[in-house]
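Below is one structure, written out as structure tokens; the observations come after it.
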């Protein structure tokens, strides 16, 4: 590209970004107000909203955004989201503890927990509660139900001891300890239609192995409830977890599937049908934060296209955020929503410059640029919440993202046909799915095993400085940037994890010194968390697993660990459903990898003490 053409393109892009700035300012104002969540006096609100409307009218008439008008509109929007946020929080006053025998509506699909219970969010008398079934009969009655179904339950309503942001973001007012389920019923028409389609897709995939059925459900519907722990851990360690959470990419694919129909319609019917398709998909996927964000962005883009006012993706995102925060100000407290917005910003603002400066074929540069842009943008949200990010995400996404997109489209279209026809035709239709899912699982497992290390905010900061240096277009700055980027990518792989212990969730501990580890499991341990810590501590072999209680869910954790690491010895109480486990004698002292395990009791649970060896 010649220099004059490059300058012209740069000026055009810059002008488009400048046109997007007012919408971005409004989004920042809406977000700030929602985070503040303070009541606003009615008189002050009415006056400022009136001035904002006048300012907006001036902007519309003059087709120019002046500073005064923008400040008025942004201030009014901030006050509106602040007031609405305060109102939403006030509506979540703690519930009163008491016994109930009532009909509830399931808001989410029931999901098993690491402690062997079943968790589901329910609506009770206009309030949203986090339900948890503990009794086997109650678990069995709810296990196959879906969001929208109704049930009559007996239990105890309790307030949260310490309600955190995740509970506020989901509008949860308290807990419901479900002791029994006396009846289950159907759902409303719209929920029944969505659940019917989900069951059709699941029925069509019956020929696939269970692990691949669960993976396909995650790719198409964001439903990862049935995924084995080792598969979930592979996707986490390879930076591919986002593929199992439906997002803007899924919305784009759904619109692409509907494209042949949409192209046959006139402009306004096309808009109505497209919006209905997006809304239906959002309902089908349980209104996950990333899907809600993508649905609103798609709605803004469809409106702009229909009314002949095309604009950039940044403006679409900003206006969608404004609308979403007016509808639900508590979304700012959702980690999923923050990650979704940040990833979208990274793709819009960072991926282009990265792609332009990378060498190699265009498809590789675009895949790497999109991944790197999204990863850099989500780092300030993701790292403080979930820890360092795997560097393996870069090569893994280049290979997995196109495959996941194809599987999503095929899983929804051919999967629906397979669910209707069933039998041998369904098995034939899912042969491409079987091959694609096997390949995707292979990419995730191989990428998870790559010894590339993890990056935290320090490495991201170095990469950001390198990016700024590259933007200067000076030879010395480019040389320094290459050195900085090389260091940011190479250093994580050379860091040796110090000997010691790391918590794997709240109910497991991993002790390691070098490549050998001891794993201590207590009731409530998560196989995903244990595998994640084993990989972060660069473990190759698990020398000893200690199972404190003979619970079936702990046996599942051991099987997940065995699926990814050699396990030499398992100590467990008598009757634990783990093949080849050893019941130790009280007083046993076992030395493994520089640690000593002292057994003081073996019945009914193991009582052990683990520490550094005397030598």
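In our numbering, the protein residues as written are 450 to 1064. Don't be surprised by glycine CBs; every beta carbon is placed ideally from N, CA and C.
Below 8 Å on the Cβ atoms is my guess for residue i versus residue j; work out the distance and round it to an integer in Å.
i	j	result
residue 1010	residue 980	7 Å
residue 617	residue 807	That belief does not hold up - the Cβ atoms of residue 617 and residue 807 are roughly 41 Å apart, past 8 Å.
residue 946	residue 987	5 Å
residue 1001	residue 1026	6 Å
residue 694	residue 737	6 Å
residue 901	residue 841	5 Å
residue 935	residue 966	31 Å between Cβ atoms; not a contact.
residue 702	residue 857	5 Å
residue 735	residue 557	6 Å
Output the distance between the C-alpha atoms of residue i and residue j, rounded to the nearest integer angstrom.
i	j	result
residue 449	residue 998	The question about residue 449 has no answer, for the chain in this structure spans 450 to 1064.
residue 468	residue 804	23 Å
residue 1067	residue 589	Shown here, the chain extends from 450 to 1064; a query on residue 1067 therefore has no answer.
residue 932	residue 770	38 Å
residue 927	residue 910	17 Å
residue 1044	residue 944	22 Å
residue 639	residue 899	45 Å
residue 964	residue 1015	11 Å
residue 861	residue 563	30 Å
residue 463	residue 920	Low local confidence applies: a pLDDT of 48 at residue 463 is under 50, so the model's placement there is unreliable, and no value is given.
residue 451	residue 930	Confidence in residue 451 is poor, its pLDDT being 39 and thus under 50, which makes the residue's placement too unreliable to answer from.
residue 559	residue 570	8 Å
residue 824	residue 792	7 Å
residue 523	residue 750	22 Å
residue 809	residue 741	35 Å
residue 957	residue 1058	14 Å
residue 623	residue 781	20 Å
residue 996	residue 543	38 Å
residue 483	residue 774	7 Å
residue 696	residue 854	11 Å
residue 521	residue 528	11 Å
residue 461	residue 730	Reliability of the predicted coordinates at residue 461 is poor, the pLDDT of 40 falling under 50, and the value obtained from them is presented with this limitation in mind. Cα to Cα, the separation comes out at about 35 Å.
residue 475	residue 795	19 Å
residue 684	residue 851	15 Å
residue 768	residue 777	14 Å
residue 922	residue 752	39 Å
residue 762	residue 700	15 Å
residue 1061	residue 952	16 Å
residue 868	residue 654	7 Å
On a CA-only basis, which of the options is nearest residue i? Give me that one, please.
i	options	result
residue 1030	1004, 576 and 1045	1004
residue 905	624, 942, 473 and 880	942
residue 887	599, 659 and 1000	659
residue 1036	819, 1047, 1007 and 687	1047
residue 727	705, 835, 775 and 714	705
residue 1006	976, 992, 1025 and 990	976
residue 784	610, 743, 712 and 833	833
residue 801	821, 526 and 786	821
residue 595	788, 647 and 581	647
residue 709	872, 722 and 558	722
residue 883	788, 1012, 656 and 687	656
residue 603	593, 584, 651 and 525	584
residue 601	954, 577, 938 and 634	634
residue 577	666, 538 and 902	538
residue 626	586, 487 and 581	581
residue 554	598, 681 and 531	598
residue 530	680, 479 and 955	479
residue 954	593, 753, 835 and 763	835
residue 866	525, 649 and 489	649
Any idea which residues DSSP pairs residue i with across the strands?
i	result
residue 839	903
residue 969	958 and 995
residue 588	For residue 588, which the question treats as bridged, DSSP gives no partner whatsoever.
residue 1059	1046
residue 627	582 and 604
residue 554	572 and 599
residue 560	568
residue 1018	993
residue 621	577
Ignoring anything shorter than 4 residues, give me the alpha helix (DSSP H) runs that lie fully in the stretch 872 to 941, in order along the chain.
872 to 878, 880 to 897 and 906 to 920
Which runs of the beta strand (DSSP E) fall wholly inside the stretch 746 to 830 and span at least 3 residues, in chain order?
none
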